[in-house]
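Structure, as structure tokens:
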Amino acid sequence: MAATVLIAEDEPNLVESLSFILRREGCEVSAVFDGEAVLERLRDGLPDVLVLDVMLPKRNGFDVLKAIRSDPRLTGIPVLVLTAKGQERDRKTAEQLGADAFVTKPFSNRDVVDRIKRLAGL
Amino acid sequence: MRPLRRGGDSVLALLVLGIWLLMPPVISLFVRPAELFGVPVLVLYLFGVWLLLIVGTAVLARRLPPDQGHLPGLPRRPDESD
Amino acid sequence: MLSANVVLFTALAYVALLFVVAFFSDRRARRGWLGLVRSPIVYTLSISVYCTSWTFYGAVGSAARNGLEFATIYLGPTLVFVGWWFLLRKLVRIGRVHRASSIADLISSRYGKSMSLAVLVTVIAVIGTTPYIALQLKAVTTSFQVVASTTHTALLGIPEADLDLRTGFWVAVGMAVFTILFGTRNIDANEHHHGVVAAIALEALVKLFALIAVGLYVVFAIGGGVGEVFALPASAKVLGAEVFGPRWVALTFLSATAIVCLPRQFQITVVENADEEHLRTAAWLFPLYLFLTCLFTLPIAITGLATMPAGSNPDMYVLTLPMLHDRSALSLLVFIGGFSSATSMVIVASIALSIMVSNHIVMPIALRLAWLSRGVSGDVKSLLLVSRRISIALILSLGFVYFVFSAHSDALAKIGLIAFAGVAQFLPCLIGGLYWHRASKGGAFAGLLIGFVTWAYTLLLPSFEGGAVPASLFSDGPWGIALLRPEALFGAGGMDPLVHALFWSLSLNAGLFVLISLIKDQNPLERLQSTLFVDVFRNPADKESRFIHRSAAIDDLFVLAQRILGAEQAYLLFRDYARRQGIEEGLPRPSTEFIAQLERQFAGSIGAASARVMISQVVTGETISLGEMMRLVDETQQVIEYSQQLEQKSQQLQVTARQLREANERLRLLDAQKDDFLSQVSHEVRTPMASIRSFSEILLETRDLESEQATRFLSIIHDETLRLTRLLDEILDLSHLERGELAWSLQPLDAEAVLDRAIETCRGMAASADVQLVVGPRAGSVRVMGHEDRLNQVFINLISNAIKHNRSRAPVVTVSSAIAEGRYQVTFEDNGEGVPAEARDRIFTKFSRAWTQSRPRDAGAGLGLAISRAIARKMHGDVELLPAGRPGSGVGARFRVSLPLARGQAAPAGELERRAGE
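Residue numbers (our numbering), protein chains in the order written: chain A, 4 to 125; chain B, 2 to 83; chain C, 210 to 1127.
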């Protein structure tokens, strides 16, 4: 069974590389470029995994995560948080808000794919 | 009791207060026919202030620091003995 | 009714008791058993010599006439003792350190051991005190006649014409004998008159006991209670007296002065003080004594007015009230109490005066007339003792004579306050001498003299009115000069005579004292003494020897000491000092210190001025070291400055601490900004790195990659490396700009040409982004001071920002320029959404792209505006965001670059006209 992954990332190049490696693993990938779009897209249906960048335009990743975890309909989505700041503070915030995994840019493709698969229950 | 570090200041405060309380404008406030315990308030006031100064000075005198190098009575003459 | 014999016998028995007490106290003290005699309580009781028969009888009389006014006489001293820490403590310390034998000696010693000043003070003291002694004699005489009278008419008081002068005479004789016996046993100021002090303390107890006894009797036995007494109609009359005015203040001040300046008070408080710590107890115990003394004054006066037959003398109520009710024992006690208060004053006053007369009048005359050239051991001592005994006899005789001559007028009644005002003349030079370094002998002498003369003229003389003095003097003034009328000096009439006299005498006194002190310089000895007095708590007296260098033959000194102190005491003194110098047998070395100590010892006996004269007779080569003295003054000054510096330092420390806190706060802020910056840089670097790493891994791991795809991935990697390089360049650029390391030479350049070039550069970018680039009104040719390439960079940055961030459907960017407010201004305007209000404040800070709604691919790192502004400021210009246009007006973000014009740049004509119109 193929897993569906939603990528929320404003860097088009990263969306492209992530989509490439995930599709190669057989996942269905879709992408949004800002925080508001994430929540909008989730109304249409829930992905198996959400890859969420922290520095998103309009609504930052932490804000989106908080909204997801406080919405009973969305709260079960496994979320992998991506950040470029790489600070311990951000990791803690992500954990507190209920992120399931945390990855710092630049990342290893293998690592990200493994984590996403694990989150998708594959 | 702890000796006062700047004893002079409290003595000065008491002194100024005493002088002020005994100045005619303040005393004149009590020139009225009222009585308390059968004694005119003017008399009570005057002697009350007086007593206040005495008690205040007694309290301060105990708490003022001992004088540096004060001269107690001269030593007895050496040829005298008890 | 008491018979005269019973009264006489009781009085004699009481006097005998005093003799016994004095005798045994003296003997105990001589044997070293000081115990009770030296207790603070005895000291306090002896100070109550202040309360004479004028208090004992007169206070009630005063209350009957003037209500509460009597209290001022006791409130003044109360205030002085409340403030003991400032004045009395210093006075006692100085008196003891310098062995002052009297107030005259203290004043003379302070002003360079001046003989003439001592004489003047002594004369004033004698003139002021003698009538007061007469007053005591009169009181004893009157009270004796009243208490021993057999008729009820005596209750009215004894008419002055009927006074029995013999009583007064025998009282005077008795007091003279007592005083001579116990007051002149020795001549040294520091060997106290223990016998006298003990007797005075006993008398203090007796008079207080008598007053309280009669008070209790009057209130509870006659009056029936406190409330009842104050309910008497006489109470309203007594308390209704309007006394709270200038006279109230003047009397309080006067009595405060008296407790310090009266010779007998100085004698008891300073000279007879056995231990400075006793003052600590007296500070509150003496006011308490005064309080108790006054407690029953009002009730007695009220009851007397209400119950005594009309015409009774209020001054005798204390005695006549118990007599009216046939209380013989109580009457006798009251008589003894009054007798005590009179005799204690007479004894102490005559001792104090005799010391002053012998030391300051007899001794100087003896020295000048060379009576003492014989040089016999103890001759000075015996001269002093004899002269003191004669002085006592003379002073009492004088008092008696005064009594006889004024007995038949009421002149004595007012003498209490007149005497107070007389000795009050000592106040300016005494206080000045204690607290003011510059106070000089000339000033003290002139002030005292004018004060004394004014006092005598305005207060003493009028007390003889109707007697020897013609009445016309008072109504018209001397030689008809109205301005010099004694009771309206310089036309200042309508005042209370006492307030008038006090005002003129003390203000002239103090004024002249200060004036002459300021004009006249002190001689070296005066200067030395002034420092030793004013700074007594900082300078031990033995420092004196540092300044006066002198030598003498030890034999001469020994002979001198024998003459002044007597052979035995001189021997003991020299032996002690020799031992202190380590010499077991023989005489001490005549060191400067020893001579100084000897002079102080002599001063205690014969007064500072005479001691100095006598020492000078045997001393050779005296020099007062001015240098040393200046150093002393300096040391004192240093101590003061040091404490001020400490205070300043602690203030400075507080300021420094605050500055440090502020600096720390700034550092913390900077640190937070730095952290923020690093975190931003990290983010900006990591983002392209993430793409590069991700695509590289794809390229490395994917074998079956189509070449088209591989090429695309490689080009992304390439783009991202360029982006990284650009970012690092910008960071370095900004860092250099901020640190000011870039030194450009600013040159005049054609700004419009630079702007044109920038617009041209951006045309391609605008076209590819479908943005219409419009050039609006232009300034024409303008020269500014700047750097061409950098200015170009700023313009391009602003235009490209406007193109990149314009999200309008038909995006337009307009560039226009003008000269306004003396500056070249270029405005970049777009029709996009504008800068969100919450982002306006921080768009010029680093990495602040938050205002962009979404980020286009080629957006910079958010350093562009920060760099542009830094560049413009380097050129003394600025980049600002203009206020937002109204929503829907089609105006988005508007940025303006403004630069100062190069010198010599003529403003365009329009601009000139506009300015001229302003």
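Glycine included, each C-beta is placed from N, C-alpha and C at the ideal position. Computed from a prediction, not measured in an experiment: that's the story for all the values here.
For residue i, the residue or residues it bridges with in DSSP
i         : result
C/PHE1037 : C/VAL1024, C/PHE1104
A/ILE10   : A/ALA34, A/VAL54
C/PRO1109 : C/ARG1032
C/LEU1090 : C/PHE1104
C/GLU412  : None, per the DSSP bridge assignment.
A/THR86   : A/THR107
C/VAL480  : None; C/VAL480 has no bridge partner.
B/GLU36   : B/PRO41
C/VAL828  : C/ALA761
Where residue i falls, given that 16 or more other Cβ within 10 Å makes a residue buried
i         : result
C/TRP688  : exposed
C/GLY652  : buried
B/LEU15   : buried
C/ALA975  : buried
B/GLY1    : No answer is possible for residue 1 of chain B: the residues shown for chain B start at 2 and end at 83.
A/ASP37   : buried
C/GLY642  : buried
B/TRP21   : exposed
C/GLY449  : exposed
C/ARG1064 : Confidence in C/ARG1064 is poor, its pLDDT being 45 and thus under 50, which makes the residue's placement unreliable; the coordinate value appears in the next sentence. Burial call: buried.
C/SER352  : buried
C/HIS945  : exposed
C/LEU727  : exposed
A/ASP93   : buried
C/LEU592  : buried
C/TYR320  : buried
C/GLU412  : buried
C/PHE308  : According to the sequence displayed, residue 308 of chain C carries Arg and not Phe. Buried is the call here.
C/LEU639  : buried
C/TYR223  : buried
Check whether residue i and residue j have beta carbons under 8 Å apart
i         : j         : result
C/THR388  : C/THR350  : no
C/ILE907  : C/THR930  : no
A/VAL35   : A/VAL8    : no
C/LYS650  : C/LEU425  : no
C/PRO797  : C/PHE783  : yes
C/PHE265  : C/GLY656  : no
C/ALA820  : C/HIS569  : no
C/ALA628  : C/GLY337  : yes
C/VAL447  : C/LEU514  : yes
C/ARG789  : C/VAL589  : no
C/ARG747  : C/ILE804  : no
C/VAL1003 : C/SER1077 : yes
C/ILE925  : A/ASN16   : yes
C/ALA225  : C/PHE391  : no
C/MET994  : C/GLN1034 : no
A/ASP56   : A/LEU21   : no
Any non-hydrogen atom of the ligand GDP closer than 7 Å to residue i Cβ
i        : result
C/PHE353 : No copy of the ligand GDP occurs in the structure displayed, which carries no ligand at all.
Proximal residues of chain D, C-beta to C-beta of residue i below 9 Å
i       : result
A/PRO50 : Protein chains in the displayed structure are A, B and C, and chain D is not among them.
- Mind listing, in chain order, the continuous alpha helix (DSSP H) runs of no fewer than 4 residues lying wholly within the region 231 to 306 of chain C? 249 to 256, 262 to 265, 267 to 275, 281 to 291, 297 to 306
- Query: Mind pulling the alpha helix (DSSP H) runs of 4 or more residues that sit fully within the region 946 to 1021 of chain C?
  - Reply: 960 to 977, 997 to 1013
- Query: Using 8 Å as the threshold, is the region 293 to 303 of chain C in touch with the region 716 to 725 of chain C, meaning 3 or more CB pairs across them?
  - Reply: no
- Task: Could I get the ranges of all uninterrupted beta strand (DSSP E) runs contained in the region 756 to 813 of chain C, with 3 residues as the minimum, in chain order?
- Result: 757 to 761
- Query: Is it a yes or a no for the region 439 to 454 of chain C touching the region 24 to 36 of chain B, going by three-plus beta-carbon pairs under 8 Å?
  - Reply: yes
- Message: Check whether the region 503 to 515 of chain C and the region 245 to 258 of chain C are in contact - that is, three or more C-beta pairs closer than 8 Å.
- Response: no
- Query: Quick check: the region 526 to 533 of chain C against the region 559 to 575 of chain C, are there 3 or more CB pairs under 8 Å?
  - Reply: no
- Where in the region 385 to 462 of chain C do unbroken runs of the alpha helix (DSSP H), each at least 4 residues long, occur, reported from the N-terminal end onward? 403 to 425, 435 to 440, 442 to 449
- Query: Along the chain, which unbroken stretches of the beta strand (DSSP E) at least 3 residues long are found entirely within the region 851 to 930 of chain C?
  - Reply: none
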